Structures are given as C-alpha cells and as structure tokens.
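*Asks:* Take this structure, written in structure tokens, and hold onto it; I'll ask about it next.
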Amino acid sequence: MTKNFIKIASILALVISFSACEKEIKIDVPMSKQELVVEASINQLSINFNYVILSTTLDYFNPSLSLAAVRGAEVYITEGDIVGTDTVFNIEDRVQFFDYVDTIFPGIYLSGDFRGTAEKPYKLEVFLQDGRSITGTTYIPKPKTIDSVHFWLEPNKVYTNVFFYMNWLDGPEQDNYRLTLKTGYFPILTGWGTGTRFYTFDDSQINNQPRPFLNFAPYKYNDTLHMYLATIGRREFLFWDSFRSAANNGGPFATPVSVKSNVEGAIGSFTGYGLTQRSVIFRED
Amino acid sequence: MFPNSPKYILFLVFSCFFLVQAVKGQNITISGYVKDSTNGETLIGATVKNKESTIGTVTNGYGYFSLSIPPNTKQIICSYIGFEPRVINLNGRKLSGLQIALIPENREVKEVVINSDRMDKNVRSTEMSRIEISGEKLKSLPVVFGEPDVLKAITLMPGIKSGGEASTGFYVRGGGPDQNLILMDEAVVYNPSHLFGFLSVFNSDAVKGIEVIKGGMPANYGGRLSSILNVSMREGNNQDFKYSGGIGLISSRLTAEGPIQKGKSSFLISGRRTYIDVIAKPFIPDDLAGNSYYFYDLNLKLNFILGEKDRLFVSGYFGRDILDFKSPTNRAVNFNLGWGNSTATVRWNHVFSPKLFSNTSVMFNRYELFNDFKFGAGGFSVRSGLVDWNLKSDFTWFAHEKHMVKYGFNYTFHTFTPGILAGNIGSTNINEAINKQYAHEYALYMLDEWNVNQRISLNYGLRAVAFQLVGPYTQSEFDNNTGLPNGNTKSYRAGETMAFYPRLEPRVNANYLINEVSSIKGSFTQTYQFLHLATTSGAQFPLDLWVPSSRLIKPQMAQQYALGYFRNLQQNAYETSAEIYYKPMRNQIEFKPGANLFFNQNLENEMVFGEGLSYGLELFLRKKTGRLNGWVGYTWSRTTRQFDELNNGKPYFYRYDRTHDFSLLLSYQINKKWNANFVFVYGTGNATTLPDSRYAYRFGIDPQTGEPQFVFVDRYSAVNSYRMPAYHRADISFTYLRKQTKKFESSWNFSIYNIYNRANPYFIYFLPDIPSQTVKAYMVYLFPILPSVQWNFKF
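If you're matching them up, the sequences are chains A and B in order. My numbering puts the first residue of the first sequence at 14, with every later residue one more than the last. My numbering puts the first residue of the second sequence at 12, with every later residue one more than the last.
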C-alpha cells in the first residue's frame, strides 16, 4: 500500500510540476497613436557603425516592416566642441546622412564622410517631409582598451564548452559600458543588431580597478569571438539599460517598461560609442 | 479649563471611565477560562450566560471570560458549537478563576462546523467585516496538491480576492498584499509564502483557528491599511500524549503534543517538509543532478498554567525555502537561494482581578534572504532581511456589564537590511552594502465596547501611532536625471531622528439591533501604514524588500466607511449580511515602469506616489448547522489608482480590481464515514496592461545572408486597460474516516481541483506568426484538472 502510494504520488507530483499549459486566445487591442522611432549610432573606430535609422511604431498585430521605414528625411550630424561649460556646434561642420540603400533597406541613412572622434560632442538633426523634426545630442567617451582575454574548457576536454573572461581598467570617473559579442569569421558588425549577445552595465559595483567580465553561457571549441567594448554616456546608458528591460519583458510577473529616450521628437537614442574591439579563437594551439 | 485644551480632553476621557465605575450596580462577577476537556485547549468564543439568557458574554482570544451577574444567580450555562452545553451551579463555588471544561459531542455524529462563533454573534456584536475559520474546517476544504492552506481558504470569502493560483497574496477591499497584517501568535509574518507563492507558511496541523478583519478594525489592531489576518497556533494537549500527521502529494506533516505536567502545562511541536526533491531524484538526468528545491517549517508551542491567575505561552516558528541550482553546462556554476521567516513569541496572561485581564507579549521576528552564487573564477554572496523586536501589552477591563474597555501599547524596533553584497571575480574583490535602516514604531490605544441599551451598542476607540526613522545612517543624494549620487551626503548619528510621523487613528463601530434576528451596523476606521513592500511583480516574491517610511516616502493612509444589514434566519441556522464600503487611500506606492529594485541605493527615486479608491457591495449567506452547511458570497466592487506619473495622470483600474466575485462552499456529511465539500468560485478577469503598438530596434544586416536583424520592443499607452478572461473553477473533496477508536484515528482526503478543467489565465504573451504576418496571443494557465490524495492520522 505504502509502496503504491509513493509510486502514484511520485508520478502525480512530477506531472503537476510541469503541468502549465497554454492556448491561443483572441485579443482586440486598439492601436495607439503612431510615433517616430530613431536609432542613431556613431563611433570613432569604424565607419560601419555610423548610421541613423528612421521608422515608426507599428500596429501591434501587424508587424510588417515595410510599413515602418521613414523615407525622404534630411538627416544631419554635427561635431561640436566643449568650450568651458558650453557645448558649441558650428553649422559648417554639419554632415548630411543619405538613404543610399533606400531601394533595399529603406529608412537607413548613411554617410561616406563621417567619422567620429573620441571625447567630442555631437548633435543630431532630422527634418521630415511632413514638417516634423527630431533632435538629440551625444558624446563619444574615451574608449577603454581590453587588456586581456582568458578562456578555459569545461570540462577540460576538446569539443566541449568554452568559457572566457576579459579584463580592462576602469578609471576613477563614472563609466558606462555596452559590450557586444559576435561569433563567426566575419569580424565586422554591419549594424549593432548583428551581434549575438549584448550587455549594458555601469561601474557602480566595480570602480577604479581592473574590471573583469565573465560569461556564463558557453561557447564551443574553435568558435571565433569578436568583442566590442564601448564606453557610452550616462543618458545613453539609461536608454540602453531600459531597452534591455523592455526587449526582454515577458512572463507572468513582467511589468510594462518604457524606454528612456535621449532624443526629442521620437522614441529612441542617439548614442556615441567610444569603441574598442578584440577577437579570440577558442582553440588550444 | 478650556473646551479645546488637551487637559479638558483628558478630563473627559477619564470622567467617562470613572462614570462607568460609578454607575455599576451591586452585581457579582464571575470569571475564568473555558477549555476542551479532552486536551485542555482553551476555547475562543465560547458563550457563558445566565439560565434565562438575559445576560451573557463570550470568551476572549485566550479563552477567558468575565461576567457581571445579579447576586441571586444560581446557575450559568456554558456552550460552544461542537461541544455539549454545560450547566454550572454557582452555589458554594468560588466565583473567580473558574475552569469550565466542555465535553465534545459524540464525534461520530458530529457535523462539521464552519466556525465556532456564538450562534447570534453575527447580529448582536458590533463587529462587522470579520471572518473566522477553525483549523478543522480548514483541513476539509478542497485545495490544489491536497495541501490545506490558510491563505487559499480565506479567499473563498467575499471581499477577499486571491492574487491567482500561483500566489498566496490576497487583496482585501482594494488593498495590496502588503496592506494585510499577517500575525502568527501575534508575531508579524512578513513573507507568508512557500514555493514561490504556491503555498503559505502556515502548517494546518498547528493552526487552531484564523480570524480575518477586513474592515471596522478595532483600535487594538493597526499597522496595515486593509486587513488583519490573525493565525492562532494550537496550545498542545495537556492531558495525553498525541501524535498526528498527514502524508500528501508534495509534503508530509507530523505533530507531537502532550503534557509536560498533566493539566498544568503542555507542548506542541509540528513539522512539515516537501519531498518533491527526494521523489524526483531517481528521474532527474545526470546533467541536472544536484538541482533541488524544498521547503520545511517547524512550529513549537509551550503552554504553562502557572496558577489561577497566570498563564505563560512560548511559541516559535522557523521555516525555510531552499533552491539549489547547478549549471548543466558548467559544473563550477552553483546557485543557492534560500529565504524564510523565524518568529518567537513569549506571552504572559495575567488576571489582575476578575475584571481586569492582561496579555503581555515579547516577540522577535526575522525575514531573511540569502543567495550564494559561485562560478569558477569567483563568486558572490548576497544577504538581505528585516528584524523586528516587539513588546506589547493589552489590558481588558470588564468595567461594567455595559462596558468592556481595552487599552494597551505596542512598541517595535525595526532593523532593515536591504542588501549586503560580497564576492570576487578573479582578483577583483567586491564588497558593497546598502545602508541598514533603523526605526521605532509606537502605538497606544484605548477602546470601549459599550452596550448603550438593549438595541444600541458601540465600539469606539482611538489609536495613537508614531513612526520614527533613526540613525546611524548616511543619506546620499542622487540626481534624478542620471540616477547617480551628486556627491552630497547627510550623516545621522545613532538614534538621531531622520523622519518622524505621529498620527491618530479614530475607530468607531456601531450596531443597532432591529429585533432579535436582525441589525444594522456601521463603522469608520482610519489607518496608517509605515512599512511598504518594494515589488513590481504584483505577487509576493522572496526578493521583495520591505522599506520604511522616510522623508520622501510618506506613510500610506486609508479611511474606510462601511454599512451593513445583518439578519439571521431559522433560529440562527442561517446568517445573511449585506455590506457596502467606501475606502479612499492616500500615499499609495507604485514603482516606475522597469524600476530596478534589486541592490538599488536609490530605491526612493524609483517610486511614485498616488491615491487609491475602492468601493463595493458584499452579500453573504451562510448555513451554519445541519448535514448540509456552507456559504455563498458575492461581491461587486471597483478599485482604482491614480498616479500623476502613470497613465498620463488618469485614474486606472487596480490590477486586482474585480467587478464581480462569487464564491460557493458546500459541506455535506453523507454518513458517519464520509464527508463531501464542494467549492465554486468566479471572478472577473484581472486588469492588465497590454502593448498596443511595437517598433523594431537594434538593426543589423547579416553580412552573409543580407537579411535585416532586429528586435521588437512593445509600446504601452494605457495602464491596466485590458481584462484577462474571467477566472472560475469548481473543486470537490471527500473525506473518508477510515478508522476511529479511542487510540487511533485515520482519514483519507480525496480532492479534485478544477473538476471541469477550466483554463484560467496566469499570464498572456505574444508571438509573431511569420506566415500570416500577424502577432498571435497565447494564454498560459497553470492547473488543469488535478486530483490529489492525502492521508491523515492521529493516535
């Protein structure tokens, strides 16, 4: 009797533990007012990450991207100077970004001439055909060099999981970071979205000392990993930190998250990246 | 002396009590305790009255009574539901310190009783919005996993809403789960959850009874806005050694009790542990070996009758939830999370005179969370918690047959430990702590239960409360725009006041007896709350933090107006009531969307402050006796919140606003062996926030395929504007009394939860459907039809 009870109890308990189910339901949510979205990125290292993408919010239940792009806008980025406590932008330094690839990827604005400079401020100006405009400012902080990268195999065998940690020196000033990881042989990011893992953090826990970064999700033996470590401004950090929460929002205890935009006239961010890059192949020579 | 001066007010108050003394007649006073003859446990709410039923009283929370009767009274009658009434001859007896032992009715034909109230208490007392459930009733209700649960049981009553199947949080008349004061033998329980909210910390074997006050809170209670849940632990059998327990699907319970000195003192020790980790072990694959989850708790109670006038109770609770996780991909990664409550209470009952009863308690309680995270190159350890030391003294003065006065004080010293982080990554050491906070909380109260005449009775009182946040503390100022310290700090010495909030809480309950079977009652209460739960989930989680009122965080405040009509039918066999309430709330706290609550030095900056409003109608019909008994309750209510920073400043529905709420509980004694219970509940779906647009972000173009890559981010324009599907389900349970002798008793409880397999919403999520270029909505539900079985024994 007791034996049977335990047997039945074991099976029932296991079933119950994993018994959450789901089903499709119909929901009618009216769409809210359409809003502009801007994703503007500049850096001092690579011309490939200097772009402005314009789009609009979409009806929640119709995610077609072709409706989202904003075409025909005039887009400018101006490099400025910090004079004392003032930031000065000259209109002569204004560089226009064009939608060169409009026929393939509408809404993406690029410039062949623009290259960012570390420790310089920048201004974004966007003028739409319907009269609306978007403005924003950012700053490219001084980049931090990745000092070392270590990796090990777990367990200690070939063709199994690989973990790594990297180090850089965090200075006494307040620093904010975005770290993007990408695997594969192609070393260049064609837009931040081609990264495979993204991390946003500041130095509130570890300041003014060697800063380690450790990964817990493993790679495979022979993987090539490209690490893009960027320093960003505080307002840009607040945007990307809230973006991380908003993009990973879900589950029973999720609460709605609104991103903290640092631009006027749209949702989104104008981010200056003080960028460094390093690659490693997880292989024992 | 001036009419508005404090001296004048004091004069009035004392005059009132001296007047009470002056007007008393030449009656005699009888007093004592009423107890169960089989185990010596005191009986709460037993009726003591004269033979003509013209004068009577009920025993208090410690089983004590005091009754003023004419000197020529020869006999009194003592009764309690489920026990044989007993006539006590007073001739030649000592009239104080009576020990009245009642004999249970023949258990084989005993009907299951819903509670132990005096039969017409519903109509006659000034109390309204109050519910009591016995420990025995609690065990017979059908529940998920077959595990009897206090917090699930009370949500079957009108005005009390469940947070959901995976939550022990409950919501009373529009208040949040942190606005309920949960007491276990008078000690505060800050986190009442086990198993991440699926079960509560209360072991049904150790529970004597529960009392919920959801409105009309008398002045002897305070500290929370919405309700009081008072869980009394059993005292232990002072006649014989007894053992009882139960074996269920996920946990087992074992209780031992007995006399330390027969008739004079007793002990009770009760333990419970889940064993899903042990049962599942053989089935877990090797790469998941070492992962486990379990909880346990232990209740202990000692009870000493020191003499005719003194009783001493020592009780304690210790419970822990432990989650161990070892990464299947990296054996060096080990995560250990634990949390739990510890409480200890020492209570001393003293009878100063037949008319003056006191209870003095010293309590300690602690909630702590510990989290150890180890990985190959280092590890972290995080600790947080809250510790209270509490001293309270309550006096009951049976001043006159028309007046019963209660007064007392309560002092609590709080220590908040929001977080201590220590660890290392490689050679980099991390040591950080969020400053501890200290606070004193004071309360002083006095109330009078006044039977003005045969028809009108009043319970009026005043509770004076104060909260004082003190140093040592170093307060850093933060820039609201960047979330970073601006470099300014202010240091407070040990004991120096950082914030001080003195407040007054008037309370009035009135009862007008229309006739012997019906009455109209009204109440007004004002309450303040100085501790606030920092959570964004709406459920109560182990990581949630309690934070004190401070310079920026003002105390929460609520007022509640309630009016009710109460009528009993068929010689009190049926109770009916209709209550309306209106409850405005101020200084309500919410967190900004996406707020980071974990290890945040600047938590106050994540908060927003606003107002709440709840109003509703509650209807209740209860059948208390007979083979078929039970209740049916219905609530219509509306609860809103308004915060300037949320929903564009417009009022919005509270997450647990439930327009219609219906519950039905039926118990039927089929025969001597079989008893059946049936539960049906229905509730309007919870209000929830859903996205109404989305946008693509973090673009990239795959260099090999040329395909765009991005993530969708949801956009929300209104808070809680969507309703989840309605919640409803029916459960059934059968209890089979297998064997009953004087020495051994065993029973089986078979229950089926959700008998018609209703898919009740847990949460909703969305997935894009590429072929149809649409987004589809999916609802996750937790418990389909779930049978369970439990074996209970006693010897």
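The beta carbon of each residue, even a glycine, is placed where N, CA and C say it ideally should be. Remember, it's a predicted structure, so these values are computed and weren't measured experimentally.
Per DSSP, B/S560 is paired with what?
*Replies:* Here the question's residue 560 of chain B lines up with position 549 in the second sequence. Looking at the DSSP assignment, B/S560 forms no beta bridge with any residue, so it has no partner.
*Asks:* Return the CA-CA distance between A/V83 and B/A737, expressed in angstroms with no decimal places.
*Replies:* For the purposes of this step, residue 83 of chain A is identified with residue 70 of the first sequence, where counting begins at 1. For the purposes of this step, residue 737 of chain B is identified with residue 726 of the second sequence, where counting begins at 1. Each residue's Cα considered, the two are about 41 angstroms apart.
*Asks:* Entirely within the region 650-694 of chain B and at least 3 residues each: give me those beta strand (DSSP E) ranges in chain order.
*Replies:* Listed in chain order, they are 671-680, 685-694.
*Asks:* So B/Q190 contacts chain A; which residues on that side make the cut at Cβ distance below 7 angstroms?
*Replies:* The residue labelled residue 190 of chain B in the question sits at position 179 within the second sequence. The contacting residues do not exist; B/Q190 stays about 19 angstroms from chain A at best.
*Asks:* Rounded to whole angstroms, what's the CA-CA distance from B/I125 to B/G396? Just pull it up for me.
*Replies:* The residue you call residue 125 of chain B lines up with position 114 of the second sequence. The residue you call residue 396 of chain B lines up with position 385 of the second sequence. A caution first: B/I125 carries a pLDDT of 39, below 50, which makes its placement in the model too unreliable to give a value.
*Asks:* In terms of alpha-carbon separation, which member of A/V293, A/I294, A/G287 lies closest to A/A131?
*Replies:* Locating residue 131 of chain A in the first sequence gives position 118, counting from the first residue. It is A/G287.
*Asks:* Where are the alpha helix (DSSP H) runs, 4 residues long or more, that stay fully inside the region 207-276 of chain A, in chain order?
*Replies:* Listed in chain order, the complete alpha helix (DSSP H) runs (minimum 4 residues) inside the region 207-276 of chain A are 247-260.
*Asks:* Could you please give me the residues that DSSP links to B/A505 through a beta bridge?
*Replies:* Working through the second sequence from its first residue, we reach residue 505 of chain B at position 494. According to DSSP, which records beta bridges pairwise, B/A505 is partnered with B/G482.
*Asks:* Within its chain, find whatever has a CB closer than 8 angstroms to the CB of B/Q32; leave out the 5 residues flanking it on each side and keep chain order.
*Replies:* Residue mapping note: residue 32 of chain B aligns to position 21 of the second sequence, counting from 1. With a pLDDT of 47 at B/Q32, under the threshold of 50, the predicted position of this residue should be treated as unreliable, though the coordinate-derived value follows. A410, H411.
*Asks:* Which residues of the region 171-187 of chain A have a Cβ closer than 7 angstroms to any Cβ of chain B? Give them in chain order.
*Replies:* Of all residues in the region 171-187 of chain A, N174, F176, Y178, Q187 have a Cβ within less than 7 angstroms of some Cβ in chain B.
*Asks:* Counting only Cβ pairs nearer than 9 angstroms, list the residues of chain A close to B/R709.
*Replies:* Counting from one through the second sequence, the residue named residue 709 of chain B turns up at place 698. Those within 9 angstroms of B/R709 in chain A are E52, G204, W205, G206, G208, F211, F256, A260.
*Asks:* Starting from B/A698, follow its DSSP beta bridges and name the residues at the other end.
*Replies:* Position 687 of the second sequence, counted from the first residue, corresponds to residue 698 of chain B. BP columns for B/A698 point to B/R734.
*Asks:* Can you find at least 3 beta carbon pairs, one from the region 449-462 of chain B and one from the region 609-627 of chain B, that sit closer than 8 angstroms?
*Replies:* Counting Cβ pairs under 8 angstroms, fewer than three are found: no touch.
*Asks:* Under 7 angstroms, Cβ to Cβ, is there at least one residue of chain B near A/E37?
*Replies:* Working through the first sequence from its first residue, we reach residue 37 of chain A at position 24. Output row for A/E37: interface = yes.
*Asks:* Tell me whether B/D288 sits in a helix, a strand or coil according to DSSP, three-state version.
*Replies:* For the purposes of this step, residue 288 of chain B is taken as the residue at position 277 of the second sequence. Helix at B/D288.
*Asks:* Identify whether B/V134 lies in helix, strand or coil by the three-state DSSP scheme.
*Replies:* For the purposes of this step, residue 134 of chain B is taken as the residue at position 123 of the second sequence. B/V134 falls in the helix class under three-state DSSP.
*Asks:* Between which two residues does the beta strand (DSSP E) harbouring A/V303 extend?
*Replies:* Given a span of 14 to 298 for chain A in the structure shown, any question on residue 303 of chain A remains unanswerable.
*Asks:* Relative to the C-alpha of B/K62, which residue among B/C89, B/V69, B/N38, B/N191 is closest?
*Replies:* The count along the second sequence starts at 1 and reaches residue 62 of chain B at position 51. Of the candidates B/C89, B/V69, B/N38, B/N191, the one whose C-alpha sits nearest the C-alpha of B/K62 is B/C89.
*Asks:* What's the call for B/L542, buried or exposed, on a 16-neighbour Cβ count within 10 Å?
*Replies:* As a working note, residue 542 of chain B is residue 531 in the second sequence. It is buried - the Cβ of B/L542 has at least 16 other Cβ atoms within 10 Å.
*Asks:* I need the boundaries of the beta strand (DSSP E) containing B/I165, first residue and last residue.
*Replies:* Position 154 of the second sequence, counted from the first residue, corresponds to residue 165 of chain B. Element bounds for B/I165: not the beta strand (DSSP E) but the alpha helix (DSSP H), 161-165.
*Asks:* Please tell me whether A/R191 has its Cβ less than 7 angstroms away from any Cβ of chain B.
*Replies:* What you label residue 191 of chain A is simply residue 178 of the first sequence in a count that begins at 1. Not one chain B Cβ lies under 7 angstroms of A/R191.
*Asks:* Kindly confirm or deny that the region 528-545 of chain B and the region 214-230 of chain B touch, where touching means at least three C-beta pairs closer than 8 angstroms.
*Replies:* Flag = yes, the region 528-545 of chain B and the region 214-230 of chain B touch.
*Asks:* Starting from the beta carbon of B/L701, find every residue of chain A whose beta carbon is closer than 9 angstroms, and list them in chain order.
*Replies:* Stepping through the second sequence from its first residue, residue 701 of chain B is reached at position 690. Per Cβ cutoff of 9 angstroms: I40, V42, Y73, P269.
*Asks:* Determine whether the beta carbon atoms of B/E158 and B/L210 lie at a separation below 7 angstroms.
*Replies:* In the second sequence, the residue the question calls residue 158 of chain B occupies position 147. In the second sequence, the residue the question calls residue 210 of chain B occupies position 199. It is a contact, given that the beta carbons lie within the stated cut-off.
*Asks:* Please list the segments of the beta strand (DSSP E) lying wholly inside the region 350-426 of chain B, counting only runs of 3 or more residues, in order along the chain.
*Replies:* The region 350-426 of chain B contains these whole beta strand (DSSP E) runs: 367-386, 389-411.
*Asks:* May I ask which residues mark the beginning and end of the beta strand (DSSP E) holding A/P156?
*Replies:* Position 143 of the first sequence, counting from 1, holds the residue named residue 156 of chain A. Segment: none, A/P156 is in no beta strand (DSSP E) and carries neither H nor E.
*Asks:* Return the chain-ordered list of same chain residues with a C-beta closer than 7 angstroms to the C-beta of B/V183, the five sequence neighbours on each side being excluded.
*Replies:* As a first step, residue 183 of chain B is located in the second sequence; it is residue number 172 there, counting from the start. G170, I171, N191, K225, S237, S238.
*Asks:* By Cβ distance below 6 angstroms, which residues in the same chain neighbour B/W359 in space, the five residues on each side in sequence not counted?
*Replies:* Sequence index remark: in the second sequence, residue 359 of chain B carries index 348 (1-based). Same-chain partners within the cutoff: L323, T371.
*Asks:* So that I know if they touch, is there some Cβ in chain B lying closer than 7 angstroms to that of A/I66?
*Replies:* Taking the first sequence and counting its residues from 1, one reaches residue 66 of chain A at position 53. It does: the Cβ of A/I66 has a partner Cβ on chain B nearer than 7 angstroms.
*Asks:* When Cβ atoms are compared, which residues of the region 218-236 of chain A fall closer than 9 angstroms to chain B?
*Replies:* The region 218-236 of chain A vs chain B, Cβ under 9 angstroms: Q218, I219, Q222, P223, R224, P225, F226, L227, F229, A230, P231.
*Asks:* Which residues, in chain order, does the region 425-447 of chain B contribute to contact with chain A at a C-beta distance below 8 angstroms?
*Replies:* Residues passing the 8 angstroms Cβ filter: L432, I436, G437, S438, T439, I441, E443.
*Asks:* Kindly say whether A/S45, judged by its beta-carbon, lies nearer than 7 angstroms to any beta-carbon of chain B.
*Replies:* Working through the first sequence from its first residue, we reach residue 45 of chain A at position 32. Chain B contact via Cβ: present.
*Asks:* DSSP on A/N61, reduced to helix/strand/coil?
*Replies:* Sequence index remark: in the first sequence, residue 61 of chain A carries index 48 (1-based). Helix at A/N61.
*Asks:* Sort out for me which residues DSSP pairs A/K36 with in a bridge.
*Replies:* Residue 36 of chain A sits at position 23 when you count from the first residue of the first sequence. DSSP output for A/K36 lists B/M790 as bridge partner(s).
*Asks:* Given a cut-off of 7 angstroms, decide if B/E95 and B/E143 are closer than it, judged by their beta-carbon atoms.
*Replies:* Within the second sequence, numbered from 1, the residue matching residue 143 of chain B stands at position 132. Within the second sequence, numbered from 1, the residue matching residue 95 of chain B stands at position 84. The answer is no: Cβ separation not under 7 angstroms.
*Asks:* Should A/G125 be labelled buried (16 or more other beta-carbon atoms within 10 Å of its own) or exposed?
*Replies:* Counting from 1 along the first sequence, the entry for residue 125 of chain A is found at position 112. That one is exposed.
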